[in-house]
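Here our numbering is used: the first residue of the sequence shown is 80, the next is one more, and so on.
Worksheet: the structure to be examined is printed underneath.
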Amino acid sequence: MKTDMAKRLLGKLHSVEFTLAAVGLVLTNILMFIQVLNRYWLRLPMVGLGDLTLYFFIMFMSIGAAVATWSETHVAVDAFRDRFLSKRPLGLEVHHLAMTVLAAITFLFLLPHVVSFMANAAAFPRWATLVTWFNLSWLQIVWGICMFLVLGHLIEVAVKHGSEVRRMRRASEEES
C-alpha cells in the first residue's frame with residue numbers, strides 16, 4: 080500500500096511527465112508544420128529544422144514511453160487475455176501482474192546497457208551537423224532517464240496489481 084507522501088510524489092511525477100510529453104507533442108507538431116510550410120509552400124527550406132524536429136520527437140516521445148507505462152496504455156497484444164480472461168477478474172489481475180513483472184525483469188537485464196549508453200553520452204559529447212549548437216548526447220541521456228522512469232513505473236504498476244490480486248484472493252476466500 081502506498082503512503083500519502085509516495086502517492087503525492089508519484090502524482091507530481093506523473094503530472095510533470097504528462098505535461099512534458101504533451102508540450103513535446105505540440106512543439107514537435109508545430110516544428111513539422113513550419114518545416115512543411117517553408118519547404119512546400121514558401122519553397123524556403125530551413126537548414127537544420129528537420130534535424131531539430133527529429134531531436135525533439137525522440138526526446139519527448141521517450142518521455143511519452145514513461146507516461147504510457149504508468150497509465151498502462153502501452154500497445155499490447157491482448158487476444159489471449161481477451162479470449163480467456165475477460166470473465167475472470169482474478170485471472171485478469173494475475174495476467175496484468177505477470178506481464179508487468181516480466182517487463183520489469185526484462186528491463187533489469189537491459190539496465191547495464193542503458194547505463195553504459197548514458198555514460199558514453201556524458202563522456203563523449205556528440206554535436207549535431209546542421210543544428211551545431213545541439214548536443215546529441217542529450218538525446219541519449221534523456222532516453223536513458225526515461226528508461227529508468229519506465230522501470231520505476233513498471234514497479235509501481237506491479238505493486239498495484241500485486242495488492243489487487245491479494246485483495247481479490249482474500250475476498251474470494253471470505254466468500255467460500
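No residue lacks a Cβ here, since even glycine has one placed at the ideal position from N, Cα and C.
Only a predicted model underlies this, so the values are computations on that prediction, with no experimental measurement involved.
- Contact between the segment 143 to 150 and the segment 97 to 104 is present, with at least three C-beta pairs closer than 8 Å.
- Short of 6 Å from the beta carbon of Leu230, and not among the five residues preceding or following it, lie these beta carbons of its own chain, in chain order: Phe186.
- Secondary structure of Trp149 (DSSP, three-state): helix.
- In this structure, Gly223 is the residue among His240, Val173, Gly223 with its C-alpha nearest to the C-alpha of Met197.
- Bounds of the alpha helix (DSSP H) holding Gly231 are 216 to 254.
- Take Leu228, set aside five residues on each side of it, and the residues of its chain with a beta-carbon closer than 6 Å to its own are Ala145, in chain order.
- Counting other Cβ atoms within 10 Å of its Cβ, His240 reaches 16 or more and is therefore classed as buried.
- Per DSSP, Asn199 is one residue of the alpha helix (DSSP H) stretching across 168 to 202.
- With at least 16 other beta carbons inside 10 angstroms of its own, Met226 counts as buried.
- Residues of the same chain with a CB within less than 6 Å of the CB of Phe136, apart from the 5 flanking positions on each side, are Thr107 in chain order.
- Burial is judged here by how many other beta carbons sit within 10 angstroms of a residue's own beta carbon; Ile184 has fewer than 16 and is exposed.
- Shown here, Trp212 sits in coil according to DSSP, grouped into three states, outside any helix or strand.
- Residue pairing from DSSP places Trp206 in a beta bridge opposite Asn214.
- Take Asn214, set aside five residues on each side of it, and the residues of its chain with a beta-carbon closer than 8 Å to its own are Pro204, Arg205, Trp206, Ala207, in chain order.
- Using a 10 angstroms sphere on the CB of Phe188, the tally of other CB atoms stays under 16, which defines it as exposed.
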